[in-house]
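Shown next, in structure tokens, is the structure this report addresses.
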Amino acid sequence: MALEITRDEAGQLFTDYSKYIYRTALLLTRSETLADDITQETFIQVFRKFNTFDSTKPIKPWIYKISINTMRNMLRKQKWLTFVGYTPEIADKELIEDIIIQNEESMRLWKEIDQLSLKSREILILHYYTELKLIEVSEILGVSIGTCKSRLHTALTTLRRQILKSETIESRKRRASYERN
Numbered sequence: 021m022a023l024e025i026t027r028d029e030a031g032q033l034f035t036d037y038s039k040y041i042y043r044t045a046l047l048l049t050r051s052e053t054l055a056d057d058i059t060q061e062t063f064i065q066v067f068r069k070f071n072t073f074d075s076t077k078p079i080k081p082w083i084y085k086i087s088i089n090t091m092r093n094m095l096r097k098q099k100w101l102t103f104v105g106y107t108p109e110i111a112d113k114e115l116i117e118d119i120i121i122q123n124e125e126s127m128r129l130w131k132e133i134d135q136l137s138l139k140s141r142e143i144l145i146l147h148y149y150t151e152l153k154l155i156e157v158s159e160i161l162g163v164s165i166g167t168c169k170s171r172l173h174t175a176l177t178t179l180r181r182q183i184l185k186s187e188t189i190e191s192r193k194r195r196a197s198y199e200r201n
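Okay, so the sequence shown: first residue is 21 according to our numbering, each after it adds one.
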């Protein structure tokens, strides 16, 4: 049975999920403009494809899957535009991080997360930030639960290594500065 979405239901879906979609897109792309576009396009797709939604399943993973696919498509388009000589607006990373992350420790963590591959950032943000279960994340990303767990393990291992390396470099700089004075 195909589902039809009413205007009220569409408004409620947007109210319930738009902030999360925007924040997730912002964390993954680091561009307010692109996050806005992804959010808008996600809901256009949600409303257009609502009749394909399986009402026996939760809607949140379905919406997140659409948003991740939308983001990937837009990033591919952005890379193509850059390749052909048009550079889309990119928001200042430091400004965005200051808005999102208030304390210094969190900023350091997000800087390290920024250095991870897109696949690693996706898994970390979807699992820890949006608090989705790994089975939901695997469904959203279109990978097996084993692949999802493997990516999460790799992302966490890489992140730990980066943080240790960064802390070692910082402590060396402080020691060198202290020895000069």
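Backbone N, C-alpha and C define an ideal beta-carbon position, used for all residues, glycine too.
Checklist line | Status (buried if at least 16 other CB within 10 Å, exposed otherwise) for H173 | finding: Around the beta carbon of H173, fewer than 16 other beta carbons lie within 10 angstroms, which makes this residue exposed.
Check: Cα separation between Q65 and I86?
Finding: 7 Å
Check: Can you tell me whether Y84 is buried or exposed, with buried defined as 16 or more other CB within 10 angstroms of its CB?
Finding: Counting Cβ neighbours within 10 Å, Y84 comes out buried, since at least 16 surround it.
Check: Just to confirm, does E190 get its C-beta within under 7 Å of one of the non-hydrogen atoms of the ligand FMN?
Finding: The ligand FMN is not part of the structure shown, which contains no ligands of any sort.
Checklist line | Spatial distance of P108 from R43 (CA atoms) | finding: Any reading at P108 is ruled out, since the residue's pLDDT is 48, under 50, leaving its predicted position unreliable.
Note to self: Using the Cβ count rule (16 or more neighbours within 10 Å means buried), how would you classify R181?
What the structure shows: exposed
Item checked: Expected contact under 8 Å - CB spacing of L146 and V163 to nearest Å -> At roughly 12 Å, the Cβ-Cβ gap does not stay under 8 Å, so L146 and V163 are not in contact.
Next item on the list: Reducing DSSP to helix, strand and coil, say where Q32 ends up.
Entry: helix
Check: Going by C-alpha distance, which of E159, K131, A55, T188 is nearest W82?
Finding: Per the Cα distances, E159.
Margin query: Using C-beta distances below 8 Å, list every residue in its chain close to L48, excluding the 5 sequence neighbours before and after it, in chain order.
Written below: Exclusion of the five residues before and after L48 leaves M91, L138, R141, E142, I145 as the residues of its chain whose Cβ lies within less than 8 Å of its Cβ.
Note to self: Tell me the rounded alpha-carbon separation between F67 and A55.
What the structure shows: 18 Å
Notebook entry, point to check: Looking only at C-alpha atoms, which of T167, I155, E187 sits nearest to K77?
Noted result: I155
Next item on the list: Could you tell me the distance, in whole angstroms, from the CA atom of Q98 to the CA atom of I165?
Entry: 30 Å
Notebook entry, point to check: When the Cα of L129 is compared with those of K193, L95, S186, which residue comes out closest?
Noted result: S186
Next item on the list: Might you give, ordered along the chain, the residues of its own chain that have their beta carbon closer than 6 Å to the beta carbon of Y148, omitting 5 neighbours on each side?
Entry: none
Checklist line | Neighbour-count burial assignment, E190, 16 or more Cβ in a 10 Å radius | finding: exposed
Notebook entry, point to check: Could you check where the alpha helix (DSSP H) with D57 kicks off and where it finishes?
Noted result: 52-68
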